[in-house]
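J.: One structure follows; several queries about it will come next.
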Amino acid sequence: MFGIHHNALAYAMTTLGAGMMNSIFSFYYVKLFLNKYKISEGAFHQSQVVYMIWNAVNDPLFGYIQDNSRVPCCSKRRLSILYGAPFYALTFLLAWFPWRSYEAGDWLSGVHLIVALCAFDGMLTFVLLAQCSLFAEISTHHENRLTLIKYNQVASLIGSSSVLFCGLVSENMENFGYFQSFTVVVAVLACTCMLYTGFYSLSPYDRLGSQGTGEEGQRDEAALSLSSVFCMTKQILTQKDFMIFVTMNFFQVFLLAFCNNFTMIFAEHLIPQNVLPSFVKSIMYGAGFICPQLLVLSSQNLLRTLGYYRVIMFTFYVEAGAAAVMFLLGPQHYYILALFLTGNMVLIQASFSLFNLPLADIIDADLFKHKRSTPLSSMVFGTNALFTKPAQSLAPMVVVSILNQVGYEKLEDIATISDQGSLQELHDVMFYLVTDRLQMKLLLFGSWVFCYFASLLVLRMWTEAYLRSPLTRSLLVNMVSESRTQQEAHEWYGCHTEILGEAVRPAFIQSYLDTETQAFLNRSAEKSGCLFTQLYHSFVSTLFSPFVSRTSINGYLGRGSMFVFSPEQFRQLMNISQDWKSKRLLDLGAGDGEVTKVMSPHFEEIYTTEVSATMKWQLEKKQYRVLGIDEWQDTGFQYDLISCLNLLDRCDQPMKLLKDIRRSLEPSKGRLVLAAVLPFHPYVEIGGKWEQPSEFLVVEGKTWEEQVTSMANGVFKEAGFAVEAFTRLPYLCEGDMYSDYYHLDDAVFVLRPEE
1 MFGIHHNALA YAMTTLGAGM MNSIFSFYYV KLFLNKYKIS EGAFHQSQVV
51 YMIWNAVNDP LFGYIQDNSR VPCCSKRRLS ILYGAPFYAL TFLLAWFPWR
101 SYEAGDWLSG VHLIVALCAF DGMLTFVLLA QCSLFAEIST HHENRLTLIK
151 YNQVASLIGS SSVLFCGLVS ENMENFGYFQ SFTVVVAVLA CTCMLYTGFY
201 SLSPYDRLGS QGTGEEGQRD EAALSLSSVF CMTKQILTQK DFMIFVTMNF
251 FQVFLLAFCN NFTMIFAEHL IPQNVLPSFV KSIMYGAGFI CPQLLVLSSQ
301 NLLRTLGYYR VIMFTFYVEA GAAAVMFLLG PQHYYILALF LTGNMVLIQA
351 SFSLFNLPLA DIIDADLFKH KRSTPLSSMV FGTNALFTKP AQSLAPMVVV
401 SILNQVGYEK LEDIATISDQ GSLQELHDVM FYLVTDRLQM KLLLFGSWVF
451 CYFASLLVLR MWTEAYLRSP LTRSLLVNMV SESRTQQEAH EWYGCHTEIL
501 GEAVRPAFIQ SYLDTETQAF LNRSAEKSGC LFTQLYHSFV STLFSPFVSR
551 TSINGYLGRG SMFVFSPEQF RQLMNISQDW KSKRLLDLGA GDGEVTKVMS
601 PHFEEIYTTE VSATMKWQLE KKQYRVLGID EWQDTGFQYD LISCLNLLDR
651 CDQPMKLLKD IRRSLEPSKG RLVLAAVLPF HPYVEIGGKW EQPSEFLVVE
701 GKTWEEQVTS MANGVFKEAG FAVEAFTRLP YLCEGDMYSD YYHLDDAVFV
751 LRPEE
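For what it's worth, the UniProt record's numbering labels the leading residue of the sequence shown as 1, then goes sequentially.
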């Protein structure tokens, strides 16, 4: 009815309730405890340290509990929100009601702040972690996630207006009784909104842990072991994209906390009352919370066309440019300063609102990479929070320390300031904190980079790259590589032939780990051990990825080479001798040409296709003729062999591609060598985003063997092919600083055209 997406509406109701409470809490609590409760600087810092520790620990703790618990109120995202909402609302009220009439520096105000911060953040984490997990689990489609973002931003828009109305009702907390009454009303409304989510939201991954029995129950029991949480956390932390995202997110959380906690304090000091009265400032503060949601809602088309990465980067550039302009103009331009303070809040909050999108993509990548039955949504969000939440405490600690060095703690107690010099010094420091945050950022960035690289050094210090003795290093390379590959080789090449369909079973060829494959693994391990080379590759990739495709960057750097089969494995699969020759080879999506080089000795003419300009250059360097992606079908001649290696699951129209290949093959002796990653997960990169292909191939079954049978009897038969031979091989990729190599399970077929 009325075109409402009911699941998105239910999801967004928690955002509405949480937005009303979080906006008020983050905006007012620092001023309340500093100005009204007169908390001492020491007690303030102590409370922030306790809060920082609790803030970092509770996210991964609750994340692990929600992802692995068999208790329904924890394992079901909906029930976590339902039962957590009333406690969340109650903890919101803790800060606004003093435990007694506080005197300046009262120790009890410090205890009050510790309890209020930890209790509120604990329930906030429990409820919103479940909601963040719902975002990743409701749908894996980019369009559906943008729908959730749209509903979410409308809810945030309404929820963040609580700051505006709170400021108008309480005269920016000057009328404290009205302020307290308003917070009670907000708590009741917020609880009601979140209860709606608890009753009506749906996730396909909701698990009935209490019904698990037998083997499933044993798996759940195992999941709750301490070793499993360390294993899963390690898997999350070894994703390069996750670590880069966490680094950036840390600084964004710091800036967000800085703006939320101190914009009102700075505005009251830097902009005189006769220039902007209290009523106008209330509207200004409200706009700082409302406009980010409007900005995100109006940017839906940009998000679809450019992708979230470029949009977020653009906001960073605008923030830096605006701060530089304001710094040059100076603090005496009050109206421009008011606009800058508001705009700064808007941009930081707006870009932060998009951060669920990259985290959701990281969760999808983790699900696919580790072949999980359900995503570790809560653990990914919780592990992210482990590294980024401390910034919420660092921001007020750093800023309060700086302000108190220039007399803020003393000046705030004086109604009529007589020492105008001290006041001017305080105002100068406030202005420079807002407009010239470079020194603070450099300090934080330097500390973070030091810790980050220290962690990398610890990670790699026991590997072959840092052994000084060439003999010891050689022995370790062979020992580690051989032991690891020997352990994994059975899985890489193994096939349960009894599961294969009767029609395809005779065509299976057993492959083994050979010397060429082992040599590729050894080279990859050696390259991944060169830390500074890998850091350079990571830096260049991060710097140019907004403008150039990942494939082109890898081609320029000469990294990320793929390995599908060795010359011996190719000949065994094709059932040809080392001297066998034919006329024409076409390698579709040839990449850097390394796999083409395996097949090329058997052909007189070598043709390739590739989209990436850098990869085309690499292919031309190897003297392969590069055809256009719409040219190879209409050259006027046919091919003796066409290779389509791991292209089918990244093609928008895979069946059309197969039929074009069939028409382009020499009818009597032409063959297609096709490799497909199984399980089959088709996605197409369109405009920097991963989307479902417009033409969908039906591949049934869960195991490798079942999907091979389904492709042979269904997809290939429909396209006009019969399976002549097939094997199971690892699809290998050169590693990086986190892993010596990466692999997926390939099914490699030799197909002949069939009438």
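Even glycine gets a Cβ: it sits at the ideal position worked out from N, Cα and C. Given the structure is predicted, the values throughout are model-derived calculations rather than measurements.
Looking at C-beta atoms only, is the number of pairs between the stretch 122 to 131 and the stretch 15 to 29 that lie closer than 8 angstroms three or more?
T.: The stretch 122 to 131, when compared against the stretch 15 to 29, does touch it at the 8 angstroms Cβ threshold.
J.: To the nearest angstrom, report how far apart L93 and G159 are at their CA atoms.
T.: For the purposes of this step, residue 93 is taken as residue 93 along the sequence shown, with counting starting at 1. For the purposes of this step, residue 159 is taken as residue 159 along the sequence shown, with counting starting at 1. Distance between the alpha carbons of L93 and G159: 17 angstroms.
J.: K281 lies in the alpha helix (DSSP H); which residues open and close that run?
T.: In the sequence shown, counting from the first residue as 1, residue 281 sits at position 281. Note, K281: alpha helix (DSSP H), S278 to L297.
J.: For K76, is the classification buried or exposed, using 16 other Cβ atoms within 10 angstroms of its Cβ as the cut-off for buried?
T.: By one-based count along the sequence shown, residue 76 stands at place 76. K76 should be labelled buried.
J.: Report yes if the CB atom of F368 is closer than 8 angstroms to the CB atom of H681, and no otherwise.
T.: Against the sequence shown, residue 368 aligns to sequence position 368. Against the sequence shown, residue 681 aligns to sequence position 681. Against a cut-off of 8 angstroms, the Cβ pair of H681 and F368 comes out as a contact.
J.: What whole-angstrom Cβ distance do residue 759 and Q48 have, given they're in contact under 8 angstroms?
T.: Past the boundaries of the shown model lies residue 759; the chain is included only from 1 to 755, so the question cannot be answered.
J.: Based on Cα-Cα distance, which residue from V380, A676 and Y639 lies nearest to D660?
T.: As a first step, residue 660 must be located in the sequence shown, where it is residue number 660. The shortest C-alpha separation from D660 is found at Y639.
J.: Is the beta carbon of V154 less than 8 angstroms from the beta carbon of A85?
T.: Here the question's residue 154 lines up with position 154 in the sequence shown. Here the question's residue 85 lines up with position 85 in the sequence shown. Not closer than 8 angstroms, so no.
J.: So does the stretch 729 to 737 actually touch the stretch 688 to 703, counting three or more Cβ pairs closer than 8 angstroms?
T.: No, because fewer than three Cβ pairs between the stretch 729 to 737 and the stretch 688 to 703 fall closer than 8 angstroms, the two stretches do not touch.
J.: So, are the CB atoms of E724 and V750 less than 8 angstroms apart?
T.: Locating residue 724 in the sequence shown gives position 724, counting from the first residue. Locating residue 750 in the sequence shown gives position 750, counting from the first residue. In contact: E724 and V750 (Cβ atoms closer than 8 angstroms).
J.: For the stretch 168 to 187 against the stretch 39 to 47, do three or more pairs of beta-carbon atoms, one drawn from each stretch, fall closer than 8 angstroms, so that the two count as touching?
T.: No: the two stretches stay apart, fewer than three of their Cβ pairs being nearer than 8 angstroms.
J.: Tell me whether E171 sits in a helix, a strand or coil according to DSSP, three-state version.
T.: Position 171 of the sequence shown, counting from 1, holds the residue named residue 171. DSSP places E171 in coil when its eight states are reduced to three.
J.: Under 8 angstroms by Cβ, that's how I've got V715 and L645 pegged, so tell me the actual separation to the nearest angstrom.
T.: Within the sequence shown, the letter at position 715 stands for residue 715. Within the sequence shown, the letter at position 645 stands for residue 645. The Cβ separation is near 16 angstroms, so there is no contact.
J.: Going by CA-CA distance only, name the one from V398, T614, R625 and L657 that's closest to Q633.
T.: The sequence position of residue 633 within the sequence shown is 633, counting from 1. Closest by alpha carbon: L657.
J.: Consult DSSP for T608 and reduce its assignment to one of helix, strand or coil.
T.: Translated into the one-based positions of the sequence shown, residue 608 becomes position 608. The answer is strand: DSSP assigns T608 an E or B state.
J.: Straight-line CA distance for T614 to V318?
T.: Counted from its first residue, the sequence shown places residue 614 at position 614. Counted from its first residue, the sequence shown places residue 318 at position 318. Looking at the two C-alpha atoms, the distance is approximately 31 angstroms.
J.: Evaluate A519 with the Cβ neighbour count: other Cβ atoms within 10 Å of its Cβ, from every protein chain shown; 16 or more gives buried, anything less gives exposed.
T.: Here residue 519 corresponds to residue number 519 of the sequence shown, with the count starting at 1. The residue in question, A519, is exposed, as its Cβ has fewer than 16 Cβ neighbours within 10 Å.
J.: Using DSSP with H/G/I as helix, E/B as strand and the rest coil, what is E319?
T.: Position 319 of the sequence shown, counted from the first residue, corresponds to residue 319. Of the three classes helix, strand and coil, the one that applies to E319 here is helix, per DSSP.
J.: Would the C-beta of K369 count as close to the ligand COA, meaning under 7 angstroms from any of its heavy atoms?
T.: Ligands in the displayed structure: none, and consequently the ligand COA is not present.
J.: Whole angstroms is fine: what's the gap from R752's alpha carbon to V504's?
T.: What you label residue 752 is simply residue 752 of the sequence shown in a count that begins at 1. What you label residue 504 is simply residue 504 of the sequence shown in a count that begins at 1. For R752 and V504, the distance between alpha carbons rounds to 14 angstroms.
J.: Measure the C-alpha to C-alpha separation of M232 and S162 and round it to an integer number of angstroms.
T.: As a working note, residue 232 is residue 232 in the sequence shown. As a working note, residue 162 is residue 162 in the sequence shown. Whole-angstrom Cα-Cα distance: 39 angstroms.
J.: Could you give the C-beta distance for F27 and M264, rounded to a whole number, given that I count them as a contact under 8 angstroms?
T.: One-based indexing of the sequence shown puts residue 27 at position 27. One-based indexing of the sequence shown puts residue 264 at position 264. Contact holds; Cβ gap of about 7 angstroms.
J.: Spell out the partners DSSP gives F340 in its beta bridges.
T.: Position 340 of the sequence shown, counted from the start, is the residue given in the question as residue 340. Looking at the DSSP assignment, F340 forms no beta bridge with any residue, so it has no partner.
J.: What's the C-alpha gap between L354 and K150?
T.: Along the sequence shown, read from residue 1 onward, the residue named residue 354 stands at position 354. Along the sequence shown, read from residue 1 onward, the residue named residue 150 stands at position 150. C-alpha separation (whole angstroms): 11 angstroms.
J.: What's the C-alpha gap between N404 and R100?
T.: One-based indexing of the sequence shown puts residue 404 at position 404. One-based indexing of the sequence shown puts residue 100 at position 100. Between N404 and R100, the C-alpha separation is close to 26 angstroms.
J.: In whole angstroms, what is the alpha-carbon distance linking G501 and A747?
T.: One-based indexing of the sequence shown puts residue 501 at position 501. One-based indexing of the sequence shown puts residue 747 at position 747. Looking at the two C-alpha atoms, the distance is approximately 15 angstroms.
J.: Which residues in the same chain as N356 place their Cβ atom closer than 6 angstroms to its Cβ, once the five residues preceding and following it in sequence are excluded?
T.: Here residue 356 refers to the residue found at position 356 when the sequence shown is read from its first residue. Contacts found: F135.
J.: Under the assumption that N90 contacts G286 (Cβ atoms under 8 angstroms), give the Cβ distance between them as a whole number of angstroms.
T.: Looking up residue 90 in the sequence shown gives position 90. Looking up residue 286 in the sequence shown gives position 286. It should be pointed out that residue 90 corresponds to Leu in this sequence rather than to Asn. At roughly 26 angstroms, the Cβ-Cβ gap does not stay under 8 angstroms, so L90 and G286 are not in contact.
J.: My understanding is that F199 touches T125, with C-beta atoms under 8 angstroms, so please give their C-beta distance in whole angstroms.
T.: The count along the sequence shown starts at 1 and reaches residue 199 at position 199. The count along the sequence shown starts at 1 and reaches residue 125 at position 125. Not a contact, Cβ separation roughly 22 angstroms.
J.: Going by beta-carbon coordinates alone, are D366 and Q235 separated by less than 8 angstroms?
T.: For the purposes of this step, residue 366 is taken as residue 366 along the sequence shown, with counting starting at 1. For the purposes of this step, residue 235 is taken as residue 235 along the sequence shown, with counting starting at 1. The answer is yes: Cβ separation under 8 angstroms.
J.: Does Y64 come out as helix, strand or coil in the three-state DSSP assignment?
T.: In the sequence shown, residue 64 corresponds to position 64, counting from 1. Note: Y64 maps to helix in three-state DSSP.
J.: Compare the beta carbon distance of P390 and N55 with 8 angstroms and say whether it is the shorter of the two.
T.: For the purposes of this step, residue 390 is taken as the residue at position 390 of the sequence shown. For the purposes of this step, residue 55 is taken as the residue at position 55 of the sequence shown. Cβ atoms of P390 and N55: closer than 8 angstroms.
J.: Please tell me whether L157 and Q293 are closer than 8 angstroms, where the distance is taken between their beta carbons.
T.: Here residue 157 refers to the residue found at position 157 when the sequence shown is read from its first residue. Here residue 293 refers to the residue found at position 293 when the sequence shown is read from its first residue. In contact: L157 and Q293 (Cβ atoms closer than 8 angstroms).
J.: Where DSSP assigns a beta bridge to I114, which residues make up the other side?
T.: Reading the sequence shown from its first residue, position 114 is the one you call residue 114. I114 pairs with nothing; no bridge assigned.
J.: Where H333 and F314 are concerned, what is the direct C-alpha to C-alpha distance, given to the nearest angstrom?
T.: Residue mapping note: residue 333 aligns to position 333 of the sequence shown, counting from 1. Residue mapping note: residue 314 aligns to position 314 of the sequence shown, counting from 1. Cα-Cα distance, rounded: 26 angstroms.
J.: Cutting at 6 angstroms between CB atoms, please list the residues of its own chain near R437, excluding the five before and the five after it.
T.: Locating residue 437 in the sequence shown gives position 437, where the first residue counts as 1. Because the pLDDT of R437 is 49, which lies under 50, any placement of that residue in the model is unreliable, and the question is left without a value.
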